[in-house]
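Using the numbering used here, the letters of the sequence shown map in sequence onto residues 21 to 373. A virtual CB, placed ideally from N, CA and C, is assigned to each residue, including glycine.
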Amino acid sequence: MKIGILTSGGDCAGLNAVMQGFVKTITLSNSKVEIYGIANGYGGLISGEYKVLKPEEFYDILKLGGTILGTSRQSYKKIIQKNENDKAARMKENYKKMGLDVLIILGGQGTHKTAAFLASEGLNIIALPKTIDNDVFGTDFTFGFHTAVSVATECIDRVETTAASHGRIMLVEIMGNKVGWLALYAGIASSADVILIPEIPYNIESVINAAKLAKKQKGYCIIVAAEGAIDKEDALFAQKNRMQKRIENIKMTASNKIAKAIEEKLGVETRVTVPGYIQRGGSPNAYDRVICMQMGSFAAELAKGRKYGVTVALNNGKMTYNSLASIAGKAKSVSLNHEMIRMAKDTGISFGE
Ligand code: F6P
Numbered sequence: 021m022k023i024g025i026l027t028s029g030g031d032c033a034g035l036n037a038v039m040q041g042f043v044k045t046i047t048l049s050n051s052k053v054e055i056y057g058i059a060n061g062y063g064g065l066i067s068g069e070y071k072v073l074k075p076e077e078f079y080d081i082l083k084l085g086g087t088i089l090g091t092s093r094q095s096y097k098k099i100i101q102k103n104e105n106d107k108a109a110r111m112k113e114n115y116k117k118m119g120l121d122v123l124i125i126l127g128g129q130g131t132h133k134t135a136a137f138l139a140s141e142g143l144n145i146i147a148l149p150k151t152i153d154n155d156v157f158g159t160d161f162t163f164g165f166h167t168a169v170s171v172a173t174e175c176i177d178r179v180e181t182t183a184a185s186h187g188r189i190m191l192v193e194i195m196g197n198k199v200g201w202l203a204l205y206a207g208i209a210s211s212a213d214v215i216l217i218p219e220i221p222y223n224i225e226s227v228i229n230a231a232k233l234a235k236k237q238k239g240y241c242i243i244v245a246a247e248g249a250i251d252k253e254d255a256l257f258a259q260k261n262r263m264q265k266r267i268e269n270i271k272m273t274a275s276n277k278i279a280k281a282i283e284e285k286l287g288v289e290t291r292v293t294v295p296g297y298i299q300r301g302g303s304p305n306a307y308d309r310v311i312c313m314q315m316g317s318f319a320a321e322l323a324k325g326r327k328y329g330v331t332v333a334l335n336n337g338k339m340t341y342n343s344l345a346s347i348a349g350k351a352k353s354v355s356l357n358h359e360m361i362r363m364a365k366d367t368g369i370s371f372g373e
């Protein structure tokens, strides 16, 4: 059996752990398996950058951050474009050249869209849901998410002690451009006063009032804002125009805009901290290590059963799968009546509404 593996899109903790779970399960029960490691995600599948790797190269990488295969972002639109540079055709050609029985794809929402396309073009695909954003449809959690929550929470906790020392208002910008799962979980875990996420457009006056209240009650305030947090006015613009506006105001991110408005209105020192890529780097935490091994091993069982055109999912604590066609192009965002939102509101957290 010939198996290709690639990791695609923004990295996260746990990519290597999933590959260890997959390769160990498939190779320990079948010595005739050949593993092709494809470099830099779909980029390597397009350019033909791949090589046969020894199974042992995957056997002890569970704790390693990043991805031993490398990754890249490849636009879905460009992949399906029919022109002289036909990327989809080159991907299919390289799949054939390797003589693959199945291609294992580790990636997030965008990656799944391309995976579904390749499956519809006749390639045997099994995907796995990664990303710190937790926005892949049809799975309770993506791997990498819980590690990012732990890292973001620790960053916010550290910011909190200095906020308390100085009596400041501190805003921590957490990754998540389109969805706010990470900011929501890390905000709750760090007992933030205000959480701002893209799904709930904020009103700057409400944010200022919440900050004023926290400052009065405990002497400082912690605001956790997703990088894609958006005010009610901007939310009226179409997504495309919002992106354009953001590019034009590159020096004034949402977090800086909010901090400036608070400082001007309340006259309290307000600082911004951006943990950025720290949230994606490093070793997976214990929870992720376990679900990564489970997901990787489950994908191997799917491969053994020749169950293709699917992606692994976690449903109420159990491993399962969804068809790629059923989840492609859909994002799992935070619904306004999600129990986490209700609980956060019930416990006094403001969403700046
Ligand atoms: O997909 C994960 C993510 O970290 C998002 O939270 C963030 O908006 C984006 O990737 C950053 O992308 P890049 O790695 O291309 O800067």
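- Contact annotation: residue 152 and residue 300 have beta-carbon atoms nearer than 7 Å.
- Put simply, the stretch 39 to 56 touches the stretch 66 to 85. At least three CB pairs are less than 8 Å apart.
- A Cβ-Cβ separation of about 6 Å places residue 57 in contact with residue 71 under the 8 Å criterion.
- The residues 152, 202, 299, in chain order, have a CB closer than 6 Å to that of residue 168 in the same chain once the five nearest residues on each side in sequence are set aside.
- Comparing C-alpha distances from residue 310 to each of 83, 26, 135, 350 shows the shortest one belongs to 83.
- The alpha-carbon of residue 253 is positioned some 8 Å away from that of residue 223.
- In the DSSP annotation of this structure, the continuous segment of the beta strand (DSSP E) that includes residue 57 starts and ends at 54 to 58.
- Between residue 189 and residue 117 a beta carbon distance of about 58 Å is seen, past the 8 Å cut, so the two are scored as non-contacting.
- An exposed status is given to residue 297, since fewer than 16 other beta-carbon atoms sit within 10 Å of its beta-carbon.
- Assignment of residue 273 by DSSP, reduced to helix, strand and coil, places it in the coil class.
- For residue 273, the closest alpha carbon among the candidates 287, 256, 247, 290 is that of 247.
- One thing to note: residue 332 has its Cβ within 7 Å of the Cβ of residue 319.
- Here residue 352 is buried, its C-beta having at least 16 other C-beta atoms within 10 Å.
- DSSP places residue 185 outside any beta strand (DSSP E); the residue lies instead in the alpha helix (DSSP H), whose first and last residues are 165 to 186.
- Per DSSP, the continuous alpha helix (DSSP H) segment holding residue 114 begins and ends at 107 to 118.
- For residue 153, the distance from the CB to the nearest heavy atom of the ligand F6P is below 6 Å.
- For the set 163, 316, 328, the Cα lying nearest the Cα of residue 40 is the one of 316.
- The Cβ atoms of residue 200 and residue 130 do not sit closer than 7 Å to each other.
- With fewer than 16 neighbouring CB atoms inside 10 Å of its own CB, residue 363 falls in the exposed class.
- In the DSSP secondary-structure assignment, residue 39 is not bridged to any residue.
- Residue 196 has its Cβ nearer than 6 Å to a heavy atom of the ligand F6P.
- Distance from the Cα of residue 370 is smallest, within the candidate group 326, 221, 91, 307, for 221.
- By the criterion of a C-beta distance shorter than 6 Å, residue 342 is surrounded in its chain by 158, 331, 333, once the five residues flanking it on both sides are discounted.
- With respect to the C-alpha of residue 42, the residue from 24, 32, 245, 103 having the closest C-alpha is 24.
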